[in-house]
Each structure stands twice: as structure tokens, then as C-alpha cells.
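**Student:** Counted the way this note's numbering counts, the sequence shown spans residues 28 to 398.
Glycine is no exception: its CB is placed at the ideal position from the N, C-alpha and C atoms.
Could you have a look at this structure, given as C-alpha cells, before my questions?
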Amino acid sequence: MTTRRDVLLGAAALTPLVASSATAAAPEPAKVYRIGVISAAIKGKPQPRNGHTWHFAQYLHPEIDLAAIKKYLDPGSAEMFRKYNRNPKFTFDQLPFSDTKITHYYDADATVIPPYLEAFPGVKAAKSLEELVESVDAVWLGDASGFGEDHFDLIAPALKRGLPTFCDKPIGGSVAGTKKILEFAKKHNAPIMSSSLFRHHQGMEAAVRKRDADEFGPIRYVIAAVQGGYRPDGWMVYGQHPAWSVVTLLGAGAQAVSMYAREDTCHALVTYPDRMPAEIWFGRPNEQWEYCHTAVYFQKKKFEFTPSIEGDFWYGHHYEMFRMAATFREMVKTKKEPIPHAEIVAVTAIVHAAAKSLKEKSRLVELSEVE
Numbered sequence: 028m029t030t031r032r033d034v035l036l037g038a039a040a041l042t043p044l045v046a047s048s049a050t051a052a053a054p055e056p057a058k059v060y061r062i063g064v065i066s067a068a069i070k071g072k073p074q075p076r077n078g079h080t081w082h083f084a085q086y087l088h089p090e091i092d093l094a095a096i097k098k099y100l101d102p103g104s105a106e107m108f109r110k111y112n113r114n115p116k117f118t119f120d121q122l123p124f125s126d127t128k129i130t131h132y133y134d135a136d137a138t139v140i141p142p143y144l145e146a147f148p149g150v151k152a153a154k155s156l157e158e159l160v161e162s163v164d165a166v167w168l169g170d171a172s173g174f175g176e177d178h179f180d181l182i183a184p185a186l187k188r189g190l191p192t193f194c195d196k197p198i199g200g201s202v203a204g205t206k207k208i209l210e211f212a213k214k215h216n217a218p219i220m221s222s223s224l225f226r227h228h229q230g231m232e233a234a235v236r237k238r239d240a241d242e243f244g245p246i247r248y249v250i251a252a253v254q255g256g257y258r259p260d261g262w263m264v265y266g267q268h269p270a271w272s273v274v275t276l277l278g279a280g281a282q283a284v285s286m287y288a289r290e291d292t293c294h295a296l297v298t299y300p301d302r303m304p305a306e307i308w309f310g311r312p313n314e315q316w317e318y319c320h321t322a323v324y325f326q327k328k329k330f331e332f333t334p335s336i337e338g339d340f341w342y343g344h345h346y347e348m349f350r351m352a353a354t355f356r357e358m359v360k361t362k363k364e365p366i367p368h369a370e371i372v373a374v375t376a377i378v379h380a381a382a383k384s385l386k387e388k389s390r391l392v393e394l395s396e397v398e
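Written out as C-alpha cells, the structure is:
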């Protein structure tokens, strides 16, 4: 039986390296923005297959070598590139972007760069950060599982030149480190963006539209959950995700956090002085596997969502990665920051206040204590 999705997507052949005819017929852009990609380290060790430079940033490059992707990435990732990321059926009528290309790639350990250059034709290895920022129009710093302690040093040359810059989460290794980056960007008039994919779910976009339209009245409560098992180090990195869900929906201005952990699950209560609170569950079990689940309790109706689209997590994951790259691309073109600095700081402060609360018998810790 032909489904509605089949009709909408059409009958294009599965040829990942060939653009759709509609895209091919598009006029040449007046300007192609050169993107420099930087891979962060994890406590000094490189990330040879950094998913946030391979998977996330690839939307900014016109072509890939699928054979190289299969050679260097795990089978699941290679299949996602083939089935979703570079499938002409899943372009959202925008991919591949006609006006961006990755021109330079930098890693402090130059020995891990060659596979990336093979997978993304036309990209050159930057011998230094200074060489990279002199050769590009914007910078994308990708960090899959790092703690952010090296981010300032990696993006400072780009910010000093006023280049639009994406700095992965956690943007700084501390609240002070986050503020240092944001203040440096502001000083040099460099547009900066930091975000979690959770801000770009299709469901999150719908929830924000409903909030702004006052369709169901004000938000009374938010529960943001991640299914993966909790651990202290994991909270500092992946606790950022549900914190981003809370701040995206309720805004900056959180006052305090109390967190409790048991085995592989933790629970955090985020309070505001002037609005209703939110809960974060890290390690919440579900009947079926879902990377995350968010429930928004509006005054008149509850709205729930996951990253999945039509029950397909990987399709939804493709969408949220695309939307984050598209938001960055728009900032590169307009020089307008899409996310308020106050929200970026709030996320960092929530994560660190929660960690402090856990060490102090779940005391309600004011965010001001970690700023």
C-alpha cells in the first residue's frame, strides 16, 4: 500500500551522491560561504571520528564520498548517511545548500585529519587556527562528547576576526568559561551560536509555535527526559540536552536547581522566581527506546514529543541536525545571532548548579552560586 509519506517523498532513486533535479536546476548563488570546521578534543585527546564534525557539519558541504564514509565510520553511521543524510528523498527542499562549502578542517592532532579530507572532497587541512580563520567566512566548532575546556582557545582567533561562529555544547567548561567566550565574541562583534539538537526537534519547533501563539494558554510545567543512563561525567555533557529543552521552552531566568541521583537515573527540579518549574529526568525508562521525550503542560492541553518523525527516530534525527546547520547558515548570511546569550549561560548554570546540588544532599542551589 502506498503511504502518504511515499507520495510526498516521491519515487526518486536512492542515489546519495546526486542532487535532486530541482536542486540541480537552481541558479548559482551570488556568494558561496566558506566554512572552516574545527574538531575539539576530549581532555587533550583528539576525536578522530567526531560525529559533530562528520554528521552535523556535513550539511554545509555540497558532496561526500560515500565509500570513504563506509570505510571510516561505523556501519550504523554509514547507513544513516546513505539512507537519510544524503538521500535525495530527504532534502527538505533545501539540501544540499547551494551557498556553503567546507573549505578547511583543523584538529590539533594533524594525524587524524586525512580521513575527513577523503570523505569530504575539496576540503583542505589547516596547519593552524590562524591559517584557517584567514581562509574562511565562518567557523563551526564540533565537539561530540567533550567538556568544553578547550573551546575558547580553539575559537578565539575566529571571534577576534569577527567571524560568525558555532561553538558546540558545552560551550565553556564552566559558567565563567561560557561567559568568557560570549563576552569575547561581543567585544569583537562576532555573531556566535551555541545549541543542543534538542532545540531543533520538529516537536520542539511545534511547541514553541504553540507557546508563542498562546494556543493552549501559558506553560504550566515542563518535563524534559533523556533515556540514556546517568553518570556524573555524562551529566556535565549530556545533561546539557534536557537543560536546553527547559530553557528553550521557559527561557532564561531560572533561579535554582535541586538534583537527586540513584543508580543510573537522576532527577533535577529547575525553579523560576516568576513562572512554573520544570523537571529533568536523565535515565528515564520508556516502554520503547526513545533518546529523549519532552512533555509540555500548557494550561489547556498537554503536548508531548520525541525527536522521531512518523515513528522514525533516524528521520527525525536527520531533521534536527539539518535544522541546527540551517540555523547556523542563516546566522552566517545575516550576521544575526539566533539564540540569546542569556539562554546559553542559563543552560550552563543549570548543569553546574545541579552537579553542586547532588554533592550537597540535593540542596536547592541558586544559579548565582555557580556564576
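Output the distance between the C-alpha atoms of F108 and T361, rounded to the nearest integer angstrom.
**Tutor:** In the sequence shown, residue 108 corresponds to position 81, counting from 1. In the sequence shown, residue 361 corresponds to position 334, counting from 1. Distance between the alpha carbons of F108 and T361: 29 Å.
**Student:** Following the continuous alpha helix (DSSP H) through Q384, name the residue where it begins and the one where it ends.
**Tutor:** In the sequence shown, residue 384 corresponds to position 357, counting from 1. The sequence given here places Ser at residue 384; Gln does not occur at that position. Start and end: 368–386.
**Student:** Can you list, in chain order, the residues of its chain with a C-beta nearer than 6 Å to that of A15? Leave out the 5 residues immediately preceding and following it.
**Tutor:** Since the first and last residues shown for the chain are 28 and 398, residue 15 lies out of range.
**Student:** Report the option in F83, E176, G200 whose CA atom is closest to the CA atom of F147.
**Tutor:** Numbered from 1 along the sequence shown, position 120 holds the residue referred to as residue 147. For the residues F83, E176, G200, the minimum Cα distance to F147 belongs to F83.
**Student:** Here's a check: name, in chain order, each residue in its chain whose Cβ is nearer than 6 Å to the Cβ of A251, leaving out the five neighbours to either side.
**Tutor:** Counted from its first residue, the sequence shown places residue 251 at position 224. Same-chain partners within the cutoff: P269, S272, V273, I307, T321.
**Student:** Measure the alpha-carbon distance for H345 versus K327 and round it to whole angstroms.
**Tutor:** Sequence index remark: in the sequence shown, residue 345 carries index 318 (1-based). Sequence index remark: in the sequence shown, residue 327 carries index 300 (1-based). Between H345 and K327, the C-alpha separation is close to 31 Å.
**Student:** Give the secondary structure of A68 by DSSP, where H, G and I count as helix, E and B as strand, and everything else as coil.
**Tutor:** Here residue 68 is taken as the residue at index 41 of the sequence shown, counted from 1. DSSP places A68 in coil when its eight states are reduced to three.
**Student:** Do you know how far the Cα of V249 is from the Cα of T141?
**Tutor:** Position 114 of the sequence shown holds residue 141. Position 222 of the sequence shown holds residue 249. Inspection of the sequence shows that residue 141 is occupied by Pro rather than by Thr. Between P141 and V249, the C-alpha separation is close to 44 Å.
**Student:** Measure the alpha-carbon distance for S48 versus D92 and round it to whole angstroms.
**Tutor:** One-based indexing of the sequence shown puts residue 48 at position 21. One-based indexing of the sequence shown puts residue 92 at position 65. Bear in mind that the predicted position of S48 carries a pLDDT of just 31, short of 50, making it unreliable; the figure below should be weighed with that in mind. Approximately 20 Å between the Cα atoms of the pair.
**Student:** Excluding the 5 residues flanking S400 on each side, which residues of the same chain have their C-beta closer than 8 Å to its C-beta?
**Tutor:** One cannot answer for residue 400 here, as it falls past the ends of the chain, which runs 28 to 398.
**Student:** Classify F211 as helix, strand or coil using the three-state DSSP reduction.
**Tutor:** Numbered from its first residue, the sequence shown carries residue 211 at position 184. Of the three classes helix, strand and coil, the one that applies to F211 here is helix, per DSSP.
**Student:** Between which two residues does the beta strand (DSSP E) holding S285 run?
**Tutor:** Looking up residue 285 in the sequence shown gives position 258. That run of the beta strand (DSSP E) goes 283–289.
**Student:** With which residues is A165 paired in a DSSP beta bridge?
**Tutor:** Along the sequence shown, read from residue 1 onward, the residue named residue 165 stands at position 138. Bridge partners of A165: I62.
**Student:** So, I246 versus Y299, is the Cβ gap smaller than 8 Å?
**Tutor:** Taking the sequence shown and counting its residues from 1, the one referred to as residue 246 is at position 219. Taking the sequence shown and counting its residues from 1, the one referred to as residue 299 is at position 272. No, these two residues do not count as a Cβ contact at 8 Å.
**Student:** Report the three-state DSSP secondary structure of E331 (helix, strand or coil).
**Tutor:** Reading the sequence shown from its first residue, position 304 is the one you call residue 331. The answer is strand: DSSP assigns E331 an E or B state.
**Student:** Pull up the CB-CB distance for L209 and H368, whole angstroms please, since I reckon it's below 8 Å.
**Tutor:** Counting from 1 along the sequence shown, the entry for residue 209 is found at position 182. Counting from 1 along the sequence shown, the entry for residue 368 is found at position 341. Contact holds; Cβ gap of about 5 Å.
**Student:** Taking the continuous alpha helix (DSSP H) assigned at T80, which residues delimit it?
**Tutor:** Your numbering for residue 80 matches position 53 in the sequence shown. 78–81 is the span of the alpha helix (DSSP H), which, as asked, contains T80.
**Student:** Could you tell me if N112 is buried or exposed, where buried requires 16 or more neighbouring beta carbons within 10 angstroms of its beta carbon?
**Tutor:** Translated into the one-based positions of the sequence shown, residue 112 becomes position 85. By the neighbour-count rule (16 or more Cβ atoms within 10 Å), N112 is buried.
**Student:** Confirm, please, whether the CB-CB distance from I65 to Y143 is below 8 Å.
**Tutor:** Numbered from its first residue, the sequence shown carries residue 143 at position 116. Numbered from its first residue, the sequence shown carries residue 65 at position 38. Result no, Cβ atoms of Y143 and I65 do not sit closer than 8 Å.
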